[in-house]
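Data first, discussion second: the structure below is written as structure tokens.
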Ligand SMILES: Cc1cc2nc3c(=O)[nH]c(=O)nc-3n(C[C@H](O)[C@H](O)[C@H](O)COP(=O)(O)O)c2cc1C
């Protein structure tokens, strides 16, 4: 059974630490669900880059399909699945943009080729062929050949501010344990749900 903690972020961090030791790769991979202005759902994987009491941070291209969805509806849902531990964590809430300083600090920590990749990719736009992307990579490699690569103004991060966080732990005979934290008047309340 899941041992309850007062703060769900503490519980998340404990599970994430275990998953980082046991998952073969990308323990920080999560499914991010957004919706179109018409309410149609859309889901894809992104990587969690930081988490604290303020929320869950991922980075992306601000012209991408997901970013366009977020502009029209800031409410998103996240889902982590750690197969090796038979655990799932679901998060729901609105997003806010991270500060320029925070995005700069993370961008600066990335390998130079990933920084150039961020400049070269028009994420989610149609691509005529691989040659077009390679030509853009060559263009930005030449442009930023010397010195630091600045963060493009179309690339940054979002922080998902959790309103609910659900922890799911596999139990025998599919009688799984589900613990939900809900934010009520800025306090976390907990409930257990039928599996
Ligand atoms: C393991 C994995 C990690 C990924 N991490 C990111 C990420 O951190 N940020 C991102 O924008 N896309 C990431 N992607 C690519 C996205 O899944 C997606 O293809 C891309 O962001 C375009 O999505 P969109 O067209 O819905 O905006 C990742 C894909 C995988 C499989």
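Residue numbers (the working numbering): 764 to 958.
Using N, Cα and C, we set each Cβ at its ideal position, and we do this for glycine too.
For residue i, the nearest candidate out of the options (CA to CA)
i: residue 873; options: 926, 948, 932, 913; result: 913
i: residue 926; options: 933, 915, 854, 791; result: 854
i: residue 946; options: 792, 845, 856; result: 856
Cβ pair residue i, residue j closer than 8 Å
i: residue 921; j: residue 858; result: yes
i: residue 807; j: residue 825; result: no
i: residue 820; j: residue 929; result: no
i: residue 780; j: residue 942; result: no
i: residue 847; j: residue 935; result: no
i: residue 887; j: residue 835; result: no
i: residue 890; j: residue 842; result: no
i: residue 818; j: residue 924; result: yes
7 Å CB neighbourhood of residue i in its chain, flanking five on each side removed
i: residue 860; result: 919, 921
i: residue 903; result: 879, 882, 883
Cβ-based neighbour list, residue i, same chain, cut-off 8 Å, excluding 5 preceding and 5 following
i: residue 804; result: 796, 797, 798
i: residue 765; result: 774, 930, 932, 940, 942
Residues near residue i by beta carbon distance below 6 Å, same chain, minus five either side
i: residue 809; result: 795, 821
i: residue 952; result: 945
Residues around ligand 1, please: the ones whose beta-carbon is closer than 7 Å to some heavy atom of it, in chain order. 789, 792, 805, 807, 808, 809, 810, 821, 822, 823, 824, 827, 828, 829, 830, 886, 887
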